[in-house]
Amino acid sequence: MISISQVTKRYGRQAVVDDVSLELGGCGITSIIGPNGAGKSTLLSMVARLLPLDGGTITIDGLDVRTTPGSVLATKVAVLRQDNHLAARLTVQDLVSFGRYPYSKGRLTSVDRDAIARAIGYLDLEPFVDRFLDELSGGQRQRAFIAMVLAQDTDYVLLDEPLNNLDLRHAVDIMKLLRAAADDTGKRIVLVMHDINFASVYSDEIVAMRDGRVVLHGPSSEVMQSEVLGLIYDLPIDVREVDGERIGYYYR
Amino acid sequence: MLSTFIGVSDVSPLSLLEGGPDGKAAQLLVVSRLPRTLALVLTGVAMSIVGLIMQMLVRNKFVEPSTTGTAESAALGLLVVTIFAPTLPLFGKMVVAAIFALAGTGLFLLILRRIPVRSIVLVPLVGIMLGGVIGAVTTFFAYRLDLLQTLGTWLTGDFSGILRGRYELLWLALAMTVIAWIAADRFTVVGLGQEFTTNLGLRYGRVLALGLTIVAVVTAIVVVTAGVIPFLGLIVPNIVSIAMGDNVRRSIPWVAVLGAGFVLACDIVGRLLRFPYEIPLGIVVGVVGSVLFLYLLLRRPSRAH
Chain E
0 MISISQVTKR
10 YGRQAVVDDV
20 SLELGGCGIT
30 SIIGPNGAGK
40 STLLSMVARL
50 LPLDGGTITI
60 DGLDVRTTPG
70 SVLATKVAVL
80 RQDNHLAARL
90 TVQDLVSFGR
100 YPYSKGRLTS
110 VDRDAIARAI
120 GYLDLEPFVD
130 RFLDELSGGQ
140 RQRAFIAMVL
150 AQDTDYVLLD
160 EPLNNLDLRH
170 AVDIMKLLRA
180 AADDTGKRIV
190 LVMHDINFAS
200 VYSDEIVAMR
210 DGRVVLHGPS
220 SEVMQSEVLG
230 LIYDLPIDVR
240 EVDGERIGYY
250 YR
Chain Z
0 MLSTFIGVSD
10 VSPLSLLEGG
20 PDGKAAQLLV
30 VSRLPRTLAL
40 VLTGVAMSIV
50 GLIMQMLVRN
60 KFVEPSTTGT
70 AESAALGLLV
80 VTIFAPTLPL
90 FGKMVVAAIF
100 ALAGTGLFLL
110 ILRRIPVRSI
120 VLVPLVGIML
130 GGVIGAVTTF
140 FAYRLDLLQT
150 LGTWLTGDFS
160 GILRGRYELL
170 WLALAMTVIA
180 WIAADRFTVV
190 GLGQEFTTNL
200 GLRYGRVLAL
210 GLTIVAVVTA
220 IVVVTAGVIP
230 FLGLIVPNIV
240 SIAMGDNVRR
250 SIPWVAVLGA
260 GFVLACDIVG
270 RLLRFPYEIP
280 LGIVVGVVGS
290 VLFLYLLLRR
300 PSRAH
């Protein structure tokens with residue numbers, strides 16, 4: 000369980016994340032939604048110790064992210080931020096292998112090799128293992144990054160807008176994969192999502208944020224309500240039931 | 000091999016055999032030719048690997064000690080020692096130069112952090128400007144104190160003055176590159192960026208500090224012994240990167256071999272073109288390197304970067 004307790008992050012005077020307390024990762028997929036500047040990515044970054052906290056505490060399975068050595072946390076939680084532009088030219092095989100760094104420190108054992116092969120197979124990357132990342136399409140590259148994070152074999156996986164820059168088909172592919180990973184391997188996946196309908200269809204729980212605070216945290220059916228979404232996004236959102244899924248209509 | 004047998008005086012396998020171990024040819028070989036070849040190889044290997052490491056640390060393909068103010072800072076450090084403590088042994092001079100190089104490179108990274116737009120070409124431009132400023136300060140004092148000529152030898156690699164006893168510090172540079180090889184995976188991870196590094200449980204700051212120390216020490220050693228070879232750290236790692244990618248553990252041996260080979264070839268060309276006179280190595284590498292570099296630049300847009 001990821002326990003967030005009274006966490007605050009300020010940039011200058013402005014609190015981007017304002018006294019947030021939250022329990023994350025109790026079930027398969029949790030999505031964090033909210034408008035730009037709601038503090039979603041900042042919160043995720045603090046959980047992943049990529050940003051220091053200005054107040055409060057975050058623990059992952061009881062380990063304080065501020066005091067636990069990075070090498071220990073790296074076997075507990077994996078994170079992937081959005082827009083991963085690599086200057087380094089690496090092959091898919093190399094990139095996924097570096098997901099095992101927390102265990103192997105560069106010297107791969109047979110356990111590491113198995114995990115790498117599994118992650119590559121899981122994301123259907125076998126045809127591309129020897130290709131360089133800069134020779135792949137956006138969707139293939141995103142899959143390679145996700146394979147790296149899965150190879151890290153952590154209980155918790157944090158992904159910041161994993162569908163960013165993906166076309167519809169690739170976006171659906173990635174969400175199906177994440178759903179399967181959560182169901183098959185018991186991973187707890189926390190996503191920052193822009194598309195409320197993807198969040199609705201694929202998540203078990205949704206955290207709705209606005210102005211650095213959590214407005215509502217509950218099962219997705221509970222958050223996918225016209226009143227709740229309208230309040231979060233300042234936009235009339237008509238939520239209807241389509242094929243048993245709750246879908247928000249907000250285009251006009 | 001070839002490199003040791005080229006020169007004004009006749010040194011060939013034949014003359015070596017005729018003169019025996021005490022002959023003139025043998026002496027020339029041990030005192031001048033062999034040290035020169037060794038110095039070339041060591042410098043070529045060290046400068047190329049240092050370029051590779053800088054490129055991973057800064058995450059930019061166009062940086063190396065002579066485009067980040069590192070070499071100029073080392074020269075400034077050496078000038079300071081030459082003025083204030085000229086009697087310091089070579090090793091002491093190298094240490095001071097290394098400290099200056101470290102400070103200069105640190106300043107470069109600080110400036111980079113303050114610049115919001117990280118355009119690929121802007122990064123080396125900033126470095127070249129910083130190097131220009133530091134270089135101007137150095138030149139001013141060198142001019143005032145009549146040390147301009149000495150300054151010139153630090154910044155343009157010239158191996159014609161290498162004799163036994165004047166290059167041995169370069170073995171320390173080789174030792175630094177061995178450390179770089181051992182830590183190769185860390186540098187690859189850092190090349191993925193600070194967030195990837197933290198995610199994989201490494202301390203970004205520590206790897207950065209280790210890398211910068213290696214870069215500063217090697218640059219300082221090269222400056223106090225043979226002089227910096229411009230472009231070398233840029234061309235060699237880029238060629239290897241195109242051929243086999245940026246997994247440092249895999250590319251380091253190739254960078255080392257290619258670096259040594261490239262320097263030796265350029266040196267032989269420089270010694271033969273105007274035989275019996277010499278063209279300084281730095282100039283040959285500069286000419287060959289800039290042509291190669293233009294080629295690299297022009298073929299780049301075809302890749303999805």
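Which chain is which? The protein sequence lines are E and Z, in order.
Residues 0 to 251 in numbering that gives the first Met the number 0 are what the first sequence lists, from first letter to last.
Residues 0 to 304 in numbering that gives the first Met the number 0 are what the second sequence lists, from first letter to last.
A virtual CB, placed ideally from N, CA and C, is assigned to each residue, including glycine.
Residues are counted here when their Cβ sits less than 7 Å from a Cβ of chain E; for the segment 118 to 150 of chain Z the count is zero. Residue state for I31(E) is assigned as strand, using DSSP reduced to three classes. When DSSP assignments are scanned along the segment 116 to 204 of chain E, the uninterrupted stretches of beta strand (DSSP E) that are 3 or more residues long and fall wholly within it turn out to be 155 to 159 and 187 to 191. Taking L215(E) as the centre and dropping the five residues before and after it, the same chain places the C-beta of A207, V222 and V227 closer than 7 Å to its C-beta, in chain order. The residues L165 and H169, in chain order, have a CB closer than 6 Å to that of G138(E) in the same chain once the five nearest residues on each side in sequence are set aside. D237(E) carries a strand assignment under DSSP once its states are collapsed to helix, strand and coil. Pairing N163(E) with Q81(E), the inter-Cα distance amounts to about 7 Å. Pairwise C-beta distances place the segment 202 to 214 of chain Z out of contact with the segment 253 to 267 of chain Z, as fewer than three of them are shorter than 8 Å. Its Cα nearest to that of K75(E), the residue T58(E) stands out among R117(E), T58(E), L177(E) and V19(E). By the Cβ test, the segment 50 to 57 of chain Z is in contact with the segment 220 to 236 of chain Z, since at least three Cβ pairs between them sit closer than 8 Å. With contacts defined by Cβ atoms closer than 8 Å, R99(E) and L107(E) form a contacting pair. In chain order, A87 make up the part of chain E whose C-beta sits under 8 Å from the C-beta of M55(Z).
When the five nearest sequence neighbours on each side are left out, the beta carbons in the same chain lying within less than 7 Å of the beta carbon of R212(E) are those of D17 and V19, in order along the chain. Around the beta carbon of M147(E), 16 or more other beta carbons lie within 10 angstroms, which makes this residue buried.
Non-local beta-carbon contacts of I238(Z) in its own chain, meaning distances under 7 Å to residues more than five positions away in sequence, involve L257 in chain order. Residue pairing for L62(E): DSSP places it in a beta bridge opposite I59(E).
The shortest CA-to-CA distance from T67(Z) to any of L101(Z), L199(Z) and R165(Z) is the one to L101(Z). For R248(Z), at least one C-beta of chain E is nearer than 8 Å to its own C-beta. Judged by DSSP in its simplified three-state form, A207(E) adopts strand.
Spatial neighbours of V268(Z) in its own chain (CB-CB distance under 7 Å, excluding positions within 5 residues in sequence) are listed in chain order as V283. DSSP, reduced to helix, strand and coil, places E244(E) within a strand of the structure shown. Contact with chain Z is absent for S30(E), since none of that chain's Cβ atoms lies less than 8 Å from the residue's Cβ. DSSP places K75(E) in no beta strand (DSSP E); its state is neither H nor E. In terms of CA proximity to R58(Z), F195(Z) leads the group F195(Z), P275(Z) and R298(Z). In this structure, A118(E) lies near A150(E), with their beta-carbon atoms less than 8 Å apart.
Within the same chain, and ignoring the five residues on either side of V29(Z) in sequence, the residues whose Cβ sits closer than 8 Å to its Cβ are R163. Against chain Z, a Cβ distance below 8 Å from L72(E) picks out G200.
The C-alpha of H193(E) lies about 9 Å from the C-alpha of I31(E).
Our two residues, I3(E) and G25(E), have alpha carbons roughly 13 Å apart in a direct line.
At a cut-off of 8 Å between beta-carbon atoms, A118(E) makes no contact with chain Z. Per the coordinates, the alpha-carbon of D233(E) lies some 14 Å from the alpha-carbon of R251(E). Excluding the 5 residues flanking it on each side, T218(Z) has same chain C-beta neighbours closer than 6 Å at P64, T69, A70, A73 and A100, in chain order. In this structure, the straight-line span from the alpha carbon of S199(E) to that of R248(Z) is close to 44 Å. F197(E) is classed as buried because its beta carbon has at least 16 other beta carbons within 10 Å across all chains shown.
Neighbours of D93(E) across chain Z, judged by C-beta separation under 9 Å: T187, G244, D245, N246 and R249.
What F127(E) touches in chain Z, judged by beta-carbon distance under 8 Å, is nothing: the nearest beta carbon there is about 14 Å away.
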